[in-house]
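J.: Mapping the first sequence onto numbering that gives the first Met the number 0, position 67 (from 1) lands on 66, and the numbers just tick up by one. A single structure is presented below for examination.
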Amino acid sequence: MTNCYIRIMIKNKRLKADFFQRDTVTVAQDLLGKLIVRDFGNGEIKHYRITETEAYCGQEDLACHSSKGRTKRTEIMFQDGGHIYVYLIYGMYWLLNFVTENEENASAVLIRGIEGFDGPGKLGRELQLDRSFYGENLETSTRLWVEDSEPIVNFKSTPRIGIDYAGEPWVSKRWRFCT
DNA sequence: AAGACGATCCTG
DNA sequence: AGGATCGTCTTT
Numbered sequence: 000m001t002n003c004y005i006r007i008m009i010k011n012k013r014l015k016a017d018f019f020q021r022d023t024v025t026v027a028q029d030l031l032g033k034l035i036v037r038d039f040g041n042g043e044i045k046h047y048r049i050t051e052t053e054a055y056c057g058q059e060d061l062a063c064h065s066s067k068g069r070t071k072r073t074e075i076m077f078q079d080g081g082h083i084y085v086y087l088i089y090g091m092y093w094l095l096n097f098v099t100e101n102e103e104n105a106s107a108v109l110i111r112g113i114e115g116f117d118g119p120g121k122l123g124r125e126l127q128l129d130r131s132f133y134g135e136n137l138e139t140s141t142r143l144w145v146e147d148s149e150p151i152v153n154f155k156s157t158p159r160i161g162i163d164y165a166g167e168p169w170v171s172k173r174w175r176f177c178t
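Right under this line is the structure:
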């Protein structure tokens, strides 16, 4: 192995599918501090530190979109973890999610905040998301991926935002994580 | 074909 | 407190 190759190995910090194909709550916690990398295509590449996440844990979790069943919108959550799930909310904002686990457990993590852009709608706007990101592979994408960074150990856990319709016990699950 | 509504944000 | 704004799903 040449020195050059070793240097490339060390520098390549992109998270692979196996990072996402784990327990969803664990992934949501581990994503805090990680870097979302966005290549805007005009020679501009920005890195954003993740500050807030929420776990949506499969079909039995009535707050999770996959609980409505397998539809055109939720289909990607029934695929293997490591893909992007975006959807339009209130006709205005594209929300960013990373699919976790596998087809047996259609789950995802909602990215609610990145440094400088607090709130899922605002970060979607900053990252210039649109429907074309639906199903993007985080392991091979040339415009949006996640890189490893120092983990955040001291984080808070609270109930998830805006999912009162789900009822108990889901509204009370402390599956929102932030710094 | 029509209606309801949402994992939000901004303004007043 | 309310408006913007539209894709998706449910109901007729």
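Idealized CB from N, CA, C, for every residue including glycine.
Just the C-alpha distance for Ile110 and Gly120, rounded to the nearest angstrom, thanks.
T.: Here residue 110 refers to the residue found at position 111 of the first sequence. Here residue 120 refers to the residue found at position 121 of the first sequence. Spanning the two alpha carbons is a distance of roughly 10 Å.
J.: Mind checking whether the beta-carbon of Ile75 lies closer than 7 Å to any heavy atom of the ligand GTP?
T.: Looking at this structure, you won't find the ligand GTP or any other ligand, since it has none at all.
J.: Could you spell out where the alpha helix (DSSP H) holding Arg124 opens and where it closes?
T.: Along the first sequence, read from residue 1 onward, the residue named residue 124 stands at position 125. Unbroken alpha helix (DSSP H) run through Arg124: 119-125.
J.: Could you check if Gln127 is buried or exposed, using at least 16 other CB atoms within 10 Å of its CB as the buried criterion?
T.: Walking along the first sequence from the start, residue 127 turns up at place 128. It is exposed - the Cβ of Gln127 has fewer than 16 other Cβ atoms within 10 Å.
J.: Which one of Thr50, Thr99, Tyr133, Thr52 has the shortest CA to CA distance from Val85?
T.: Taking the first residue of the first sequence as position 1, residue 85 is located at position 86. Ranking the options by Cα distance to Val85, first place goes to Tyr133.
J.: Count the other C-beta atoms from every protein chain shown that fall within 10 angstroms of the C-beta of Tyr89, then say buried if there are 16 or more, exposed otherwise.
T.: Taking the first sequence and counting its residues from 1, one reaches residue 89 at position 90. It is exposed - the Cβ of Tyr89 has fewer than 16 other Cβ atoms within 10 Å.
J.: Specify the secondary structure class of Ser156 as computed by DSSP and reduced to three states.
T.: Position 157 of the first sequence, counting from 1, holds the residue named residue 156. If DSSP states are grouped into helix, strand and coil, Ser156 belongs with the strands.
J.: Span of the alpha helix (DSSP H) holding Thr23?
T.: The count along the first sequence starts at 1 and reaches residue 23 at position 24. Where Thr23 is concerned, the enclosing alpha helix (DSSP H) stretches over 23-29.
J.: Rounded to a whole number of angstroms, what is the C-alpha to C-alpha distance between Asn124 and Ile113?
T.: For the purposes of this step, residue 124 is identified with residue 125 of the first sequence, where counting begins at 1. For the purposes of this step, residue 113 is identified with residue 114 of the first sequence, where counting begins at 1. One point to set straight first is that residue 124 is Arg, not Asn, in the sequence displayed. Their backbone Cα atoms lie some 12 Å apart in a straight line.
J.: Please report the straight-line C-alpha distance between Met76 and Ser106, rounded to a whole angstrom.
T.: Position 77 of the first sequence, counting from 1, holds the residue named residue 76. Position 107 of the first sequence, counting from 1, holds the residue named residue 106. So the two alpha carbons sit approximately 6 Å from each other.
J.: Could you spell out where the beta strand (DSSP E) holding Phe181 opens and where it closes?
T.: The question about residue 181 has no answer here: the residues shown for the chain are numbered 0 through 178.
J.: Within this structure, are the beta carbons of Val145 and Leu34 separated by less than 8 Å?
T.: Start at 1 with the first residue of the first sequence, and residue 145 comes out as number 146. Start at 1 with the first residue of the first sequence, and residue 34 comes out as number 35. Taking 8 Å as the Cβ cut-off, Val145 and Leu34 qualify as a contacting pair.
J.: For Phe176, write down the residues that DSSP places opposite it in a beta bridge.
T.: If you number the first sequence from 1, residue 176 lands on position 177. Per DSSP, Thr52, Ser156.
J.: Can you give the Cα-Cα distance for Thr178 and Asn153, rounded to whole angstroms?
T.: Here residue 178 refers to the residue found at position 179 of the first sequence. Here residue 153 refers to the residue found at position 154 of the first sequence. Taking the straight line joining both Cα atoms gives about 7 Å.
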